[in-house]
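A.B. asks:
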Amino acid sequence: MANDLTIQERLAIGRVHMPELAPEIRSRNFEEVNRGLGREEAVREARRCIQCKHRPCVDGCPVGVSIPEFLDALAAENLPEAARILQGDNALPAVCGRVCPQESQCEAKCVRGVKGEPVAIGYLERFVADWAMGNAAELPKSALPPASGKRVAVVGCGPAGLTAAGELARQGHAVTIFEALHDTGGVLRYGIPEFRLPKEIIDVEVARLLDVGVTIECNVIVGKTMTIHQLRDQFDALFIANGAGLPTMLNIPGENLKGVYSANEFLTRVNLMEAGRNPDSATPIIQGRQVAVIGGGNTAMDCVRTARRLGAERALIVYRRSEAEMPARVEEIKHTKEEGVEFAMLTAPLEIVGDWEGWVTALRCQKMELGPPDESGRRKPIAVAGSEYDIPVGVVVNAVGTRANPLLTATAPDLELNQWGNIAVDAGGATSIAGAFAGGDIVRGGATVILAMGDGKRAAAAINGYLGGEA
Amino acid sequence: MFEVLSNEILAPNLHRMVVMAPRIASARKPGQFVIVRADRGEERIPLTIGDADQAAGTVSLFIQAIGASTQRIVSTPAGGHLRDVAGPLGMPTHIGQWGRVACLGGGVGTAVLYPLARALAEAGNRVTTIIGGRSDRYIILADELAAFSERLLVTTEDGSLGRQGFVTLELAKLIADPEHRPSAVFAIGPVPMMKAVAELTRPHGIETVVSLNPIMIDGTGMCGGCRVVIGGEAKFACVDGPEFDGHQVDFDSLKDRLTMYQGHEERARHAATDCRLKEVANG
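Chains as they are written, first to last, in numbering that gives the first Met the number 0: chain A, 0 to 470; chain B, 0 to 282.
1) Sort out for me which residues DSSP pairs A/P283 with in a bridge.
2) Can you grab the Cα-Cα spacing for the pair B/Y63 / B/Q70, in whole Å?
3) If we require 4 or more residues per run, which alpha helix (DSSP H) segments fall completely within the region 101 to 136 of chain A?
4) Is the beta carbon of A/D440 sitting closer than 7 Å to the one on A/G185?
5) Smallest Cα separation from A/L209: which of A/E193, A/I227, A/H228 and A/A173?
6) Are the Cβ atoms of A/L10 and A/R46 separated by less than 7 Å?
7) Whether or not the region 143 to 159 of chain A and the region 100 to 107 of chain A are in contact is what I'm after, with contact meaning three or more pairs of Cβ atoms, one per stretch, closer than 8 Å; do they touch?
8) Please report how far the alpha carbon of A/V359 lies from the alpha carbon of B/T155, in whole angstroms.
9) Over what stretch of residues does the alpha helix (DSSP H) that includes A/Q229 continue unbroken?
10) Under a Cβ-count criterion, where at least 16 other Cβ atoms within 10 Å of its own Cβ denotes burial, should A/H334 be classed as buried or exposed?
11) Return the residue from the list A/L315, A/G376, A/A384 and A/T401 that minimises the CA-CA distance to A/A361.
12) Touch check for the region 2 to 19 of chain B and the region 47 to 62 of chain B: three-plus C-beta pairs under 8 Å?
13) Using a Cβ-Cβ distance under 7 Å, would B/A286 count as near chain A?
14) DSSP puts A/I239 in a beta bridge; with which residues?
15) Mind checking which residues open and close the beta strand (DSSP E) that includes B/K234?
16) In whole angstroms, give me the CA-to-CA distance for A/N397 and A/P348.
17) Would you mind telling me which residues of chain B sit closer than 8 Å to A/T224, beta carbon to beta carbon, in chain order?
18) Using 7 Å as the limit for Cβ to Cβ distance, is A/T298 near chain B?
19) Please check if any C-beta of chain A sits within less than 7 Å of the C-beta of B/R180.
20) Pick out whichever of A/R308, A/A299 and A/G370 has its Cα sitting closest to the Cα of A/A274.
21) Output needed in chain order: residues of the region 158 to 186 of chain A with a Cβ under 7 Å from some Cβ in chain B.
22) If we ignore side chains and look at the alpha-carbon of each, how far apart do A/A437 and A/A323 end up?
23) Can you pull the chain A residues whose beta carbon is under 7 Å from the beta carbon of B/D217, in chain order?
24) Who are the Cβ neighbours of A/I227 in its own chain at under 6 Å, not counting the five residues just before and after it?
25) Which of the residues in the region 195 to 226 of chain B, read from start to end, lie with their CB under 9 Å from any CB of chain A?
26) Are the Cβ atoms of A/P283 and B/Y260 separated by less than 7 Å?
27) Which first and last residues belong to the alpha helix (DSSP H) in which A/Y465 is found?
28) Rounded to a whole number of angstroms, what is the C-alpha to C-alpha distance between A/M225 and A/A119?
29) CA-CA distance, B/L46 and B/A54?
30) For A/G244, decide whether its Cβ has a neighbour in chain B, counting only Cβ atoms nearer than 7 Å.
31) Check the Cβ-Cβ distances between A/A470 and every residue of chain B, and say whether any is below 7 Å.
32) Can you give me the start and stop residues for the beta strand (DSSP E) that A/P391 sits inside?
33) Below 8 Å between beta carbons is the criterion; list the residues of the region 255 to 267 of chain B that meet it against any residue of chain A, in chain order.
34) Sort B/N212, B/R201 and B/F235 by Cα distance to B/T219 and report the nearest one.
35) For B/C225, I'd like the list of residues in its chain whose CB is within less than 7 Å of its CB, leaving aside the five on either flank, ordered along the chain.
36) Quick one: is the Cβ of B/G105 within less than 6 Å of any heavy atom of the ligand HEM?
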């Protein structure tokens, strides 16, 4: 069997490279940058896994995917089996294979990374998930358990809600997802750009949920259209995963000038409403020739790369710390740089300057230097006196972060919150309202897709226990 | 999908549509709005809920067709469907007991004013309603408002109906008359009108509520596009509003932000006209 390689043979294989669209081409369109591995490359990469006994990669995965097992099946070219294992553990593998920060999770723990490069687990997850999408007929159909007779409402159709819904449906519960926007996916659709996560991937993952009997109702804003208590009365249990969604303002002069966007608005216009990327979209967007994006996270990278694709000749990241402190994924930073984006590091915005008609003309900045570590453990930026200068720009995007949205929580005074307005939960996601669980960004503040999914998975288990099934 | 039960023209470019939306009909309170998208590819448009019939499960919406996406909404006939109707959004109007109140509506703002004025009257306030428009063709809902208003005053810019001039003319007279002086003023209409009302009431210390309609996308506080400056602080009209203390609103910055996509709208209109011209030429 091809998989009977010795450790030495496995160690001799070098890490695969992800084929990418050339930067000069991709920075002018919205096509997916990473093209995905071919079958041969994927199988060879899977054979790099030495199948070590203590499986540290699984501990590094917030949803606990059986990584060595699916890699082993892939190495043996048993793709239906690899897909079965992966899909059993992860409700959205084609999403995670694209947007997870593997370098700080599974791949960070891979023993092959101690001396050399870790197995490209993320690329392989994507390969198997994409294969499963294209070959659904070859997958064994897992029979659903008999209906439990219990109804569960899920608030929010983002990664946490989708994951919980899938898990609960597979336990036989009748699940309805309520989504505030007009389309599914939450941040996967409005936040993450097409060039990182094609919308058709979300459509297929959502269709898989519909297949197992999940109902999705869009245009229902829980807290407005229906209250938490109305839902609590109509369902046996609730999972609240409505996201963070309230942009943090910069609180600097000029924030209301025309051409200033929050990251959420900028990305929603382009991703959800298709402004600037679909000629049939009625939603407008200001396509700046020079664009500054403030922030250093994945969202900032998404915004600045989107700005390039909308036609910006000059696009910059403005970040008040240094590149080492940036929270963005390594791959996003690499891709962003390749696409001709300038990085203005140790630079803090002071003011947005406008013309007499109220349009943005410049971002006034100040240079910073790193001092001793602050409470976050990162070195604190300190302003350099007299270092103010203007960057001429027509569009400024604020990507410094989001806060908890009080829209839902304000209508349930008995729902306990923490000091930042996030919902307080126990380890299983239970809130102060019996039968109501919560997870994702409404609990964590701004976190990642995979952490939200982990919450969804844990909460689904707790809800199942609450409903009298096995926890 | 949300069925359209009726669609009537009230004034040039102004439609009243009754739409089947049972959940919204039972949750909505005066002052709240919905976000409507006629079909895929269209913009999300915030629209005030004029009225609701809980038993029938319907809401009535007032739509001024000024851009491509609002045109698309009003072109949906009775029996047709709107793809998305989401709400009710925003904070409901605070309906207090002021005694005498003046309710001012300008143009399509009169439609937004209507549910609010009625709620004020039902709560026992003595309502004087002043509505204005460019000409008699733009005066809407006069009979409906007269039904519960103690007095209904009309102004038109060309004098074709009521007194010639702006609504502020009649409001100034009310304020000057101790018999009719209102304790609170509600003003809904174009930004310059609301600003003029706020400036008129400010020296008299009369509480003044205005309803703002900035550019908006999600309507749930997620995007921050609808931010307005209230008392020097950024507020989101969709979740903190749409009604605010008129004496605290920075009307100039609101007016300015409303022009952000004017160029785009003009291009869209030209494109539409251009297509029609081509159709005619090729026809």
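Don't be surprised by glycine CBs; every beta carbon is placed ideally from N, CA and C.
C.D. replies: In brief:
1) Walking along the first sequence from the start, residue 283 of chain A turns up at place 284. Under the DSSP definition of a beta bridge, A/P283 lacks any partner.
2) Start at 1 with the first residue of the second sequence, and residue 63 of chain B comes out as number 64. Start at 1 with the first residue of the second sequence, and residue 70 of chain B comes out as number 71. It is worth fixing the name first, because residue 63 of chain B is Gln in this sequence and not Tyr. So the alpha carbons of these two residues sit roughly 8 Å apart.
3) Secondary structure in the region 101 to 136 of chain A: the alpha helix (DSSP H) runs of 4 residues or longer, each lying completely within the stretch, are 105 to 108 and 120 to 133 in chain order.
4) Position 441 of the first sequence, counted from the first residue, corresponds to residue 440 of chain A. Position 186 of the first sequence, counted from the first residue, corresponds to residue 185 of chain A. For A/D440 and A/G185, no; Cβs fall outside 7 Å.
5) Against the first sequence, residue 209 of chain A aligns to sequence position 210. For the residues A/E193, A/I227, A/H228 and A/A173, the minimum Cα distance to A/L209 belongs to A/A173.
6) Translated into positions along the first sequence, residue 10 of chain A becomes position 11. Translated into positions along the first sequence, residue 46 of chain A becomes position 47. A distance of 7 Å or more separates the beta carbons of A/L10 and A/R46.
7) Result no; under three Cβ-Cβ pairs closer than 8 Å.
8) Mapped onto the first sequence, residue 359 of chain A falls at position 360. Mapped onto the second sequence, residue 155 of chain B falls at position 156. About 38 Å.
9) Within the first sequence, the letter at position 230 stands for residue 229 of chain A. Counting along the chain, the alpha helix (DSSP H) containing A/Q229 begins and ends at I227 to Q233.
10) Looking up residue 334 of chain A in the first sequence gives position 335. Sixteen is the threshold: when 16 or more other Cβ atoms of the shown chains lie within 10 Å of the Cβ of A/H334, as they do, the residue is buried.
11) Numbered from its first residue, the first sequence carries residue 361 of chain A at position 362. Residue A/L315 holds the alpha-carbon nearest to the alpha-carbon of A/A361 among A/L315, A/G376, A/A384 and A/T401.
12) With three or more CB-CB distances shorter than 8 Å, the region 2 to 19 of chain B counts as touching the region 47 to 62 of chain B.
13) In the structure displayed, chain B extends from 0 to 282; residue 286 of chain B sits before or after that span and is not available.
14) Position 240 of the first sequence, counted from the first residue, corresponds to residue 239 of chain A. Looking at the DSSP output, A/I239 sits in a beta bridge with A/V154 and A/A437.
15) Numbered from 1 along the second sequence, position 235 holds the residue referred to as residue 234 of chain B. E232 to F235 is the extent of the beta strand (DSSP E) around B/K234.
16) On the first sequence, position 398 is the one that residue 397 of chain A refers to. On the first sequence, position 349 is the one that residue 348 of chain A refers to. Rounded to the nearest angstrom, the two C-alpha atoms are 10 Å apart.
17) Here the question's residue 224 of chain A lines up with position 225 in the first sequence. In chain order: R22, I23, A26, A85, G86 and P87.
18) Residue 298 of chain A sits at position 299 when you count from the first residue of the first sequence. Contact with chain B is absent for A/T298, since none of that chain's Cβ atoms lies less than 7 Å from the residue's Cβ.
19) Here residue 180 of chain B refers to the residue found at position 181 of the second sequence. Judged by the 7 Å Cβ criterion, B/R180 is not in contact with chain A.
20) Looking up residue 274 of chain A in the first sequence gives position 275. The residue with the shortest Cα to Cα distance from A/A274 is A/R308.
21) Contact annotation: in the region 158 to 186 of chain A, residues whose CB is within less than 7 Å of a CB in chain B are A179, L180 and H181.
22) To locate residue 437 of chain A, count along the first sequence from 1; it is residue 438. To locate residue 323 of chain A, count along the first sequence from 1; it is residue 324. Between the C-alpha atoms of A/A437 and A/A323 there is a straight-line separation of about 33 Å.
23) By 1-based counting over the second sequence, the position of residue 217 of chain B is 218. In chain order: L180 and T267.
24) Looking up residue 227 of chain A in the first sequence gives position 228. Counting only Cβ-Cβ distances below 6 Å, and skipping sequence neighbours, we find A411.
25) Taking a C-beta cut-off of 9 Å against chain A, the contacting residues of the region 195 to 226 of chain B are I216, D217, G218, T219, G220, M221, C222, G223, G224 and R226, listed in chain order.
26) Here residue 283 of chain A is taken as the residue at index 284 of the first sequence, counted from 1. Here residue 260 of chain B is taken as the residue at index 261 of the second sequence, counted from 1. Taking 7 Å as the Cβ cut-off, A/P283 and B/Y260 qualify as a contacting pair.
27) Sequence index remark: in the first sequence, residue 465 of chain A carries index 466 (1-based). For A/Y465, the enclosing alpha helix (DSSP H) stretches over residues V448 to Y465.
28) Position 226 of the first sequence, counted from the first residue, corresponds to residue 225 of chain A. Position 120 of the first sequence, counted from the first residue, corresponds to residue 119 of chain A. So the alpha carbons of these two residues sit roughly 44 Å apart.
29) The residue labelled residue 46 of chain B in the question sits at position 47 within the second sequence. The residue labelled residue 54 of chain B in the question sits at position 55 within the second sequence. Distance between the alpha carbons of B/L46 and B/A54: 22 Å.
30) Position 245 of the first sequence, counted from the first residue, corresponds to residue 244 of chain A. So, interface residue.
31) Along the first sequence, one-based indexing puts residue 470 of chain A at 471. A caution first: A/A470 carries a pLDDT of 48, below 50, which makes its placement in the model unreliable, though a value can still be read off. No, because no Cβ of chain B sits closer than 7 Å to the Cβ of A/A470.
32) Locating residue 391 of chain A in the first sequence gives position 392, where the first residue counts as 1. First-last of the beta strand (DSSP E) with A/P391: Y388 to P391.
33) Taking 8 Å as the Cβ-Cβ cut-off, the region 255 to 267 of chain B approaches chain A at D255, R256, T258, M259, Y260, H263, E264 and A267, given in chain order.
34) The residue labelled residue 219 of chain B in the question sits at position 220 within the second sequence. It is B/F235.
35) In the second sequence, residue 225 of chain B corresponds to position 226, counting from 1. Beyond the five residues adjoining it in sequence on each side, B/C225 comes within less than 7 Å, by CB distance, of P213, I214, M215, F235, A236 and C237 in the same chain, given in chain order.
36) What this structure holds is no ligand at all, so the ligand HEM is not there to describe.
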